[in-house]
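Read through the structure below, which is laid out as structure tokens, and then see the notes.
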Ligand code: ADP
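Residue numbers (my numbering): 986 to 1483.
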């Protein structure tokens, strides 16, 4: 077989140049095209034969053509390699007259035949398309967005950001970002910016401290800023999304004012309830005391009717004393509130039982499963359990009362159930019974003031929970409330519910 003909060195070079993925165009010092590669042919849509020997201006759009020979001459006078990149994005003109965005790198080549310039041309249509899509996304974003480069210069600022900072149109472009930073923080800002660029990651700026920004008119406003590094061919940029917090701040302040006003009126109400209850107790004690003296000293002289009246007076004052005491407890849920601590409900249950003191000889029983530790006010939780267990015993049916306290898990909370086998509650009353003074029975049927469950509800609410009842008449009741558990290894897990 005959060996393939050896390409000479020039042919060899041409093959390499043709295989280069970049369009290459070499011109002589008259600006005439001396060499193009296959990439140039396909990029500009010309066959090589139509380009060789032509002025390079055929590849320049008409609108730039007249300046080009002068620029070319300038380069030949000062021939230094100019790499692609910054500020070198231009346009080329294709055979069909259409324009393509390009980037050009220039390399002077000294030869025996004089100075040539080799241009490397890259089509940047795709990059431009992505960039313009990015710009229009940012522009149409409903949030103020500003992009800066490494030197802190604003390279992109959407309409929202101009509005927010009180600038017109493109006024922000080219400004340093420190223009938007209030004077008290501006000095430190360039350093923070440099640090951020060194370790750029998406994050919130000024977390945990009150960040403010500066309007054109010099006024400051509270902001929240999200930072996002944007890596491009031209290096890293930072895109900042800025949210004006003024409105949110105002709303929070108004809410806080309303809350303060409410707290104040609550305190006044509690003080009133306290003083009223307290002041009522003294004359009440006097009435009861005198009535009892009357009975003790003159029982025999008074007739049966008079003695009955005295007895009724004493009973009535006793009921009123209970009522006043209950009202006092209710007003103290907030006024005597203690800070929350870890409370072991097993202890609370024992205390409640001691306070309730089941009568000896009774067949009634009160039991509890293993109870958890919760966060709360020990003495209030004791009042809560005491009231619920007390009701379970009080509103019993003919059978001996069985009251049970159990705990079950509900996510991070505990639900405590206090169940009884008593008379139950009709569905239409199950909401109202938590209202103050709401009773379903006369005091001759079951003694009481109608405050117990209102007190329970207020205590549970103060602990951030809810209280509710499930019941059917004659089938017993189950009062339930939820409390926040304590997440530590000491938390006791109750046995699984059946
Ligand atoms: P009091 O017991 O002083 O009447 P409460 O506020 O504790 O006041 O209860 C309100 C009403 O709810 C009671 O009058 C009673 O009718 C009903 N009630 C409360 N607990 C139970 C219970 N365990 N079983 C049946 N009814 C109950």
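Heads up, the beta-carbon is just placed ideally off N, CA and C, and yes, glycines get one too.
From the options, pick the residue whose C-alpha is nearest to that of residue i; which is it?
i            : options                   : result
residue 1377 : 1462, 1437, 1172 and 997  : 1462
residue 1078 : 1114, 1031 and 1062       : 1031
residue 1262 : 1248, 1425, 1273 and 1313 : 1313
residue 1064 : 1040, 1042, 1092 and 1083 : 1092
residue 1327 : 1356, 1310 and 1347       : 1356
residue 1216 : 1238, 1194, 1208 and 1183 : 1183
residue 1160 : 1347, 1279, 1247 and 1139 : 1139
residue 1430 : 1393, 1380 and 1467       : 1380
residue 1226 : 1162, 1131, 1201 and 1195 : 1131
residue 1375 : 1185, 1251, 1058 and 1337 : 1337
residue 1407 : 1185, 1396 and 1382       : 1382
residue 1334 : 1308, 1311, 1364 and 1212 : 1364
residue 1185 : 1428, 1134, 1117 and 1169 : 1134
residue 1002 : 1096, 1046 and 1105       : 1105
Tell me which residues share the same chain as residue i and place their Cβ nearer than 7 Å to its Cβ, disregarding the 5 neighbours each side in the sequence.
i            : result
residue 999  : none
residue 1277 : 1299
residue 1038 : 1017 and 1018
residue 926  : Since the first and last residues shown for the chain are 986 and 1483, residue 926 lies out of range.
residue 1201 : 1150, 1151 and 1152
residue 1040 : 1016 and 1017
residue 1442 : 1419 and 1452
residue 1483 : Any answer about residue 1483 is weak, because its pLDDT of 41 lies below 50 and its placement is not dependable; what the coordinates show is given next. Excluding residues within five positions, none has a Cβ falling inside 7 Å.
When you measure from the CB of residue i to every non-hydrogen atom of the ligand ADP, does any distance come out below 7 Å?
i            : result
residue 1395 : no
residue 1352 : no
residue 1284 : no
residue 1471 : no
residue 1423 : yes
residue 1439 : yes
residue 1426 : yes
residue 1148 : no
residue 1275 : no
residue 1436 : yes
residue 1407 : yes
residue 1314 : no
residue 1429 : no
residue 1462 : yes
residue 1418 : yes
residue 1410 : yes
residue 1380 : yes
Does DSSP put residue i in a helix, a strand or coil?
i            : result
residue 1077 : strand
residue 1086 : strand
residue 1059 : helix
residue 1162 : helix
residue 1264 : helix
residue 1418 : helix
residue 1136 : coil
residue 1220 : strand
residue 1410 : coil
residue 1229 : strand
residue 1054 : helix
residue 1240 : helix
residue 1321 : coil
residue 1195 : coil
residue 1205 : strand
residue 1427 : coil
residue 993  : coil
residue 1385 : coil
residue 1032 : coil
residue 1432 : coil
residue 1045 : coil
residue 1286 : coil
residue 1066 : coil
residue 1122 : helix
residue 1470 : strand
residue 1005 : coil
residue 1099 : strand
My assumption, with CB atoms under 8 Å, is that residue i sits in contact with residue j. Please give the rounded CB distance.
i            : j            : result
residue 1223 : residue 1102 : 37 Å between Cβ atoms; not a contact.
residue 1373 : residue 1403 : 4 Å
residue 1122 : residue 1228 : Not confirmed; about 18 Å, so no contact.
residue 1470 : residue 1362 : That belief does not hold up - the Cβ atoms of residue 1470 and residue 1362 are roughly 16 Å apart, past 8 Å.
residue 1423 : residue 1435 : 5 Å
residue 1126 : residue 1148 : With a Cβ gap of about 12 Å, residue 1126 and residue 1148 do not count as contacting.
residue 1008 : residue 1036 : At roughly 11 Å, the Cβ-Cβ gap does not stay under 8 Å, so residue 1008 and residue 1036 are not in contact.
Beta-carbon within less than 6 Å of residue i's beta-carbon, same chain only, minus the 5 sequence neighbours each way: which residues are those?
i            : result
residue 1464 : 1373, 1403 and 1454
residue 1386 : 1349 and 1378
residue 1302 : 1269, 1272 and 1273
residue 1304 : none
residue 993  : none
So, for residue i: in the same chain, excluding its five sequence neighbours on each side, which residues have a beta-carbon less than 8 Å away from its beta-carbon?
i            : result
residue 1075 : 1049, 1086, 1087, 1088 and 1089
residue 1480 : Confidence is the limiting factor: at residue 1480 the pLDDT is only 48, short of 50, which leaves the residue's position unreliable and the question unanswerable from this model.
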